[in-house]
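A short write-up of the structure that comes next.
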Amino acid sequence: MTDSTAPELRVDEPAPAWTGRTDGQGTEHLRWHQVVRPYEGARTEDRGGVVFLGFSSDEGVERNKGRRGASEGPKALRGALGGLAVAGKDSEIRAWDAGTVAVTDDRMEEGQERLGAAVTTLLDEGRLPIVLGGGHEIAFGTYQGVSNSVVRKGKKLGVLNLDAHFDLRFDPVPSSGTPFRQMLEAEEAAGTSMQYAVLGISQPSNTQILFDTAEKYGVQYMLDEDCSVTNSPEVRRFVESFLDGVDLVYLTIDLDGLPASTAPGVSAPAAYGVPLEIVQLACDIVAASGKLAVCDVAELNPKYDVDGRTARSAARLVHRIATTAQNTSAHKQEEQ
1 MTDSTAPELR VDEPAPAWTG RTDGQGTEHL RWHQVVRPYE GARTEDRGGV
51 VFLGFSSDEG VERNKGRRGA SEGPKALRGA LGGLAVAGKD SEIRAWDAGT
101 VAVTDDRMEE GQERLGAAVT TLLDEGRLPI VLGGGHEIAF GTYQGVSNSV
151 VRKGKKLGVL NLDAHFDLRF DPVPSSGTPF RQMLEAEEAA GTSMQYAVLG
201 ISQPSNTQIL FDTAEKYGVQ YMLDEDCSVT NSPEVRRFVE SFLDGVDLVY
251 LTIDLDGLPA STAPGVSAPA AYGVPLEIVQ LACDIVAASG KLAVCDVAEL
301 NPKYDVDGRT ARSAARLVHR IATTAQNTSA HKQEEQ
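Under the working numbering, the first residue of the sequence shown is numbered 1, with each subsequent residue one higher.
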């Protein structure tokens with residue numbers, strides 16, 4: 001059972017009602033909207049399960065000179081995920097929605113702190129938080145949540161970013177382009193270290209100073225042009241090598257790392273991008289590793305989406321991560 005005396009989980013907007021097609025009430029008809037429950041009723045239940053948490057923010061993208069609209073990402077992603085079918089052993093999944101942390105005006109840093117506090121509470125209660133964004137400023141909030149959690153204590157943290165950008169900018173004002181530099185600086189200040197790796201870097205979208213910064217911090221990365229479907233063995237080796245060097249993983253998915261044909265609804269659509277098959281492969285490997293602590297999805301911008309394809313691509317990835325991670329956890333418990 002979880003500790004009912006744990007800190008209250010504070011959000012700005014309560015969990016919405018999940019909706020979707022209903023074919024019946026049996027497990028053979030199950031879809032996500034029939035599985036997800038409000039989180040406030042789960043705090044005395046056994047540990048485990050997935051908790052969705054929204055982060056509604058445009059501020060970091062605007063500061064980074066991107067196009068607004070990502071604040072509607074959590075709503076669109078919940079809508080796309082709600083109608084997906086949950087089949088077979090996945091029908092045993094436990095999932096809740098804790099609501100949404102919303103950034104108002106220009107108070108991005110305050111929103112990141114609130115997000116971090118919510119993520120810490122969920123981790124300390126033994127859940128797998130999946131945070132639905134929101135601009136990629138989500139990352140520094142999620143990171144704060146991991147860093148302040150008991151699950152981090154004594155463990156080497158690895159941050160795997162599926163993204164076209166390093167987001168290591170030295171801009172004086174934090175934005176969606178600075179979170180991973182902020183993380184690395186925070187680790188230095190605390191006398192700790194983390195391993196940062198990026199899959200899908202677009203060379204034309206990153207200046208030389210960003211590659212130099214990546215080298216300074218020992219960042220592992222693969223270029224998007226080396227991440228085609230035919231490169232899947234190399235991608236697998238890259239992800240597995242990263243996992244071998246860490247104890248705990250924070251997985252962050254920036255949807256602008258996908259091709260624009262797959263993900264048009266983002267702040268900065270990719271001219272090249274990494275195929276969805278490869279992004280899904282990386283997610284599958286991490287989710288099945290038993291090391292995944294938290295995941296977030298960033299940059300879904302419904303305002304610029306086409307036929308909901310970006311939201312549906314993101315929902316498929318979230319579906320795979322949630323079900324694979326929970327099945328992996330259940331298998332480990334059976335072995336014990």
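Quick reminder that beta carbons are idealized off the backbone N, C-alpha and C, glycines included.
Contact between the segment 101-121 and the segment 3-23 is present: three or more C-beta pairs spanning the two stretches fall below 8 Å. Checking the DSSP bridge columns, you'll see Asp-296 partnered with Val-131 and Thr-252.
Among the bridge pairs identified by DSSP, Ser-56 is matched with Ala-102. The three-state secondary structure of Gly-116, taken from DSSP, is helix.
Per DSSP, the unbroken alpha helix (DSSP H) holding Leu-210 starts and ends at 208-216. Under the DSSP assignment, Gln-220 falls in the beta strand (DSSP E) whose first and last residues are 220-223.
A distance below 9 Å separates the beta carbons of Tyr-196 and Asn-161. Boundaries around Gln-280 are those of the alpha helix (DSSP H), 276-287, since no beta strand (DSSP E) includes it. Residue environment: Phe-170 is assigned as exposed (fewer than 16 neighbouring CB atoms within 10 Å of its CB, all protein chains considered). When C-alpha distances from Val-239 are compared across Thr-192, Gly-83 and Cys-283, the shortest belongs to Cys-283. Rounded to whole angstroms, the Cβ separation of Phe-55 and Thr-100 is 7 Å, and the two are in contact under 8 Å. By the CB criterion at 9 Å, Ala-118 and Ala-87 fall outside the cutoff. One thing to note: Val-279 has its Cβ within 9 Å of the Cβ of Gly-200. In the DSSP assignment, Gln-195 falls within the beta strand (DSSP E) that extends over 194-201.
The DSSP-derived three-state label of Gly-24 is coil. Excluding sequence positions up to five before and after Pro-174, its CB lies within less than 8 Å of the CB of Gly-60, Arg-63, Met-108, Glu-109, Glu-137, Phe-140 and Gln-182, all in the same chain and listed in chain order.
Judged by beta-carbon spacing, Val-131 lies beyond the 9 Å limit of Phe-166, meaning their Cβ atoms are not closer than that value.
If you ignore the 5 residues before and after Thr-328, its C-beta comes within less than 6 Å of the C-beta of Ala-288 and Gly-290, all in its own chain and listed in chain order. In the structure shown, the three-state DSSP call for Leu-168 is coil. Within the same chain, and ignoring the five residues on either side of Arg-320 in sequence, the residues whose Cβ sits closer than 8 Å to its Cβ are Gln-280, Cys-283, Asp-284 and Ala-287. 9 Å or more divides the Cβ of Gly-273 from the Cβ of Lys-303. Leu-162 carries a strand assignment under DSSP once its states are collapsed to helix, strand and coil. Across the structure, Leu-30 and Glu-299 are spaced so that their CA atoms are roughly 28 Å apart. Remark: fewer than three beta-carbon pairs, one from each stretch, lie closer than 8 Å, so the segment 33-42 and the segment 231-246 are not flagged as touching.
Short of 6 Å from the beta carbon of Lys-156, and not among the five residues preceding or following it, lie these beta carbons of its own chain, in chain order: Val-246 and Asp-247. In this structure, Ala-325 sits away from Leu-276, with a CB-CB distance that is not shorter than 9 Å.
By the 16-neighbour rule on beta-carbons within 10 angstroms, Gly-73 is buried.
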